[in-house]
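Novice:
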Amino acid sequence: MENYTHWFYLESYTFLFYSKNQYVIYNTLNSTYIDCSLYGKTINTVLSILHNTNKTYCVGIYEYQLRDSQFTEFIKKIRNTFSGDIIKNIRGIPPFISKPILRILHHPNNPKTKEYNLLGENALFHLHEVTFYLENQGFDLNPMYKDCYKQFLYPTYTEKQKLSHAKYLEIIEQLSICQIDKINIIPATIEKKELFSYLLSLSRQYSIKTQIILPYKKYNKEDLKQLLTNPQFSIMIMVHLPVDYEELNSYINLFNEYNITWSLIASNKNDVIFLSKNNLGKFTNVDYIPWYTGDNMDFFKEYIYNDFKDIIEQKNTKQHIFRKQILNDNLFGKLTIFPTGEVYSNVNFPTIGNIQDQKLSEIVYSEIENYFKPWFFTRDYVSCKNCVNKYLCPSISNYEIVANEYNMCYLNQ
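Spelled out as structure tokens, the structure:
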């Protein structure tokens with residue numbers, strides 16, 4: 474170590490990614506992205522050592538390396554972005570800086586976490602969102618839309634109701650204890666629906682934030698207003714484009730003071746033109762949802778695919794990157810429960826149990842213990858697994874799963 478004249482180090486909030494002979498440095502404090510391939514072979518040699526050591530986030534530097542002009546430019550970039558620095562080797566001992574490595578204390582494959590008491594009842598605290606489908610879904614649903622629920626919250630065809638009021642009470646009680654973020658209810662109708670009213674009463678009783686999903690114009694205006702007298706309730710209206718603009722505009726204005734989100738579903742260029750022409754973005758309670766129809770991949774490539782700029786403009790914290798290394802940020806902690814009692818961790822995958830004959834905690838624990846799809850379906854399992862930017866990208870989405878296209882970006886085409 475006495476031969477080193479300096480120590481080069483990265484800060485503990487700075488990530489060093491490697492793939493296919495390319496190194497990338499990402500600073501989670503200021504979102505700086507540094508493509509290290511721009512700085513020559515000397516940098517690659519230094520970063521290779523740094524990447525492969527687990528002792529400290531520091532590597533020794535020789536005097537001759539400092540004479541490399543590209544290395545000097547690299548150090549300047551690192552300093553100016555507060556991503557790290559270089560210091561003189563005075564004592565012969567490198568400074569200790571911890572690498573940003575995810576350490577999982579309760580990994581499902583760890584024998585200690587096999588004990589039911591550790592993740593069993595406590596497994597419910599991993600839940601963030603539960604969606605309830607009620608019976609008679611889709612009785613007047615356009616057949617074109619029957620599979621929309623696999624991409625975003627939307628009604629679909631469901632079987633006859635089997636879950637009892639008592640079972641829903643049991644579920645809601647458990648969800649209230651684990652302090653779930655919210656529940657979604659997708660009813661066939663909101664008019665004279667006893668079970669729907671009962672679920673809402675449970676939500677009120679246990680103070681659970683509740684969102685109700687409804688198709689456009691499949692409701693009575695006064696019923697909507699009555700629902701929204703409770704501030705813990707919100708409504709999402711799903712609007713398939715194209716629609717009559719004047720009518721839509723009047724609806725939005727009518728409910729402008731209520732907790733309603735209007736989700737406008739676009740699937741082609743004409744829909745985008747409609748949105749742009751009518752300036753619906755002026756409303757704060759309007760959002761846009763893409764819809765993959767099976768034959769509109771060109772639409773996705775033009776409007777949905779990410780390019781390099783899209784990816785690096787996303788601000789990733791240290792915690793965000795850690796999460797994306799181990800789990801799917803879009804899917805983790807979400808359950809869907811159908812009126813038959815079947816439970817899904819994602820509706821694009823097989824059922825993980827039935828709440829009629831299993832405890833909710835057992836179902837959730839089993840999903841965590843399996844440690845794979847879909848809650849842990851990361852980019853390490855798909856075509857972009859060798860991309861140096863995979864942990865900076867958003868987690869795999871339902872769109873990618875439905876389209877079987879796990880590379881909705883232009884970086885690895």
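Residues in the sequence shown are numbered from 474 upward in steps of one, following this note's numbering.
Note that beta-carbon positions come from the ideal geometry of N, C-alpha and C, so glycine has one too.
Within 8 Å of any Cβ in chain B, is that where the Cβ of residue 651 sits?
Specialist: Of the protein chains in this structure there is only one, and it is not chain B.
Novice: Can you list the beta strand (DSSP E) stretches of 3 or more residues lying completely in the stretch 710-754, in chain order?
Specialist: 733-739
Novice: Using the Cβ count rule (16 or more neighbours within 10 Å means buried), how would you classify residue 750?
Specialist: Numbered from 1 along the sequence shown, position 277 holds the residue referred to as residue 750. Exposed, by the Cβ-count rule.
Novice: Pick from 678, 681, 663: whose alpha carbon is nearest that of residue 693?
Specialist: The count along the sequence shown starts at 1 and reaches residue 693 at position 220. Comparing alpha-carbon positions, the option among 678, 681, 663 lying closest to residue 693 turns out to be 663.
Novice: Pick out whichever of 792, 668, 479, 874 has its Cα sitting closest to the Cα of residue 639.
Specialist: Here residue 639 refers to the residue found at position 166 of the sequence shown. When each option's Cα is compared against that of residue 639, the closest is 668.
Novice: Would you grab the beta carbon distance between residue 871 and residue 624 for me? Rounded to a whole angstrom, and I think it's under 8 Å.
Specialist: Start at 1 with the first residue of the sequence shown, and residue 871 comes out as number 398. Start at 1 with the first residue of the sequence shown, and residue 624 comes out as number 151. Contact holds; Cβ gap of about 5 Å.
Novice: Given this structure, state the Cα-to-Cα distance separating residue 814 from residue 829, to the nearest angstrom.
Specialist: Sequence index remark: in the sequence shown, residue 814 carries index 341 (1-based). Sequence index remark: in the sequence shown, residue 829 carries index 356 (1-based). Roughly 6 Å separates the two Cα atoms.
Novice: Give me the residue from 833, 495, 780, 827 with the minimum Cα distance to residue 806.
Specialist: Working through the sequence shown from its first residue, we reach residue 806 at position 333. Comparing Cα-Cα distances from residue 806 to each of 833, 495, 780, 827, the minimum goes to 833.
Novice: From residue 652 to residue 842, what distance separates their C-alpha atoms?
Specialist: Taking the sequence shown and counting its residues from 1, one reaches residue 652 at position 179. Taking the sequence shown and counting its residues from 1, one reaches residue 842 at position 369. Distance between the alpha carbons of residue 652 and residue 842 is about 22 Å.
Novice: Going along the chain, which residues of its own chain have a beta-carbon closer than 6 Å to the beta-carbon of residue 496, five neighbours each way excluded?
Specialist: In the sequence shown, residue 496 corresponds to position 23, counting from 1. Excluding sequence neighbours, residue 496 sits near 509, 520.
Novice: Taking the straight line between their C-alpha atoms, what separation do you get for residue 512 and residue 501?
Specialist: One-based indexing of the sequence shown puts residue 512 at position 39. One-based indexing of the sequence shown puts residue 501 at position 28. Cα atoms of residue 512 and residue 501: separation of roughly 21 Å, rounded to the nearest angstrom.
Novice: Nearest-angstrom Cα distance between residue 820 and residue 553?
Specialist: Against the sequence shown, residue 820 aligns to sequence position 347. Against the sequence shown, residue 553 aligns to sequence position 80. Taking the straight line from one Cα to the other gives about 47 Å.
Novice: Would you kindly check if the distance between the Cβ of residue 883 and the Cβ of residue 778 is under 8 Å?
Specialist: Residue 778 sits at position 305 when you count from the first residue of the sequence shown. Residue 883 sits at position 410 when you count from the first residue of the sequence shown. Yes, they are a contact pair.
Novice: Only counting the same chain, and skipping five residues up and downstream in sequence, which positions put a Cβ closer than 8 Å to that of residue 636?
Specialist: Sequence index remark: in the sequence shown, residue 636 carries index 163 (1-based). Result list for residue 636: 810, 812, 813, 814, 828, 829, in chain order.
Novice: Along the chain, where does the beta strand (DSSP E) containing residue 518 start, and where does it finish?
Specialist: As a position in the sequence shown, residue 518 is number 45, starting the count at 1. No beta strand (DSSP E) holds residue 518; the alpha helix (DSSP H) holding it covers 514-525.
Novice: Is it buried or exposed, residue 585, if we count other Cβ atoms within 10 angstroms and call 16 or more buried?
Specialist: Position 112 of the sequence shown holds residue 585. The predicted position of residue 585 is uncertain, since its pLDDT is 47 and thus under 50; no value can be drawn from it.
Novice: Roughly how many angstroms separate the alpha carbons of residue 865 and residue 633, rounded to a whole number?
Specialist: Stepping through the sequence shown from its first residue, residue 865 is reached at position 392. Stepping through the sequence shown from its first residue, residue 633 is reached at position 160. Straight-line measurement puts the Cα of residue 633 at about 43 Å from the Cα of residue 865.
Novice: Measure the C-alpha to C-alpha separation of residue 537 and residue 480 and round it to an integer number of angstroms.
Specialist: In the sequence shown, the residue the question calls residue 537 occupies position 64. In the sequence shown, the residue the question calls residue 480 occupies position 7. In a straight line, the C-alpha of residue 537 is about 13 Å away from that of residue 480.
Novice: Around the C-beta of residue 601, are 16 or more other C-beta atoms found within 10 angstroms, so that it is buried, or is it exposed?
Specialist: To locate residue 601, count along the sequence shown from 1; it is residue 128. Residue 601 is exposed by the Cβ-count criterion.
Novice: Distance check for residue 725 and residue 642, CA to CA, integer angstroms please.
Specialist: The sequence position of residue 642 within the sequence shown is 169, counting from 1. The sequence position of residue 725 within the sequence shown is 252, counting from 1. Rounded to whole angstroms, residue 642 to residue 725 spans 34 Å at the Cα level.
Novice: By the three-class DSSP mapping on this structure, what secondary structure does residue 487 have?
Specialist: Walking along the sequence shown from the start, residue 487 turns up at place 14. Strand at residue 487.
Novice: Where residue 658 and residue 781 are concerned, what is the direct C-alpha to C-alpha distance, given to the nearest angstrom?
Specialist: In the sequence shown, residue 658 corresponds to position 185, counting from 1. In the sequence shown, residue 781 corresponds to position 308, counting from 1. Residue 658 and residue 781: Cα-Cα distance of roughly 37 Å.
Novice: What three-state label does DSSP hand residue 481 in the structure shown?
Specialist: Within the sequence shown, numbered from 1, the residue matching residue 481 stands at position 8. In the structure shown, residue 481 sits in a strand (DSSP, three-state: E or B).
Novice: Say whether the stretch 667-687 touches the stretch 701-715, bearing in mind that this needs 3 or more beta-carbon pairs closer than 8 Å, one atom from each stretch.
Specialist: yes
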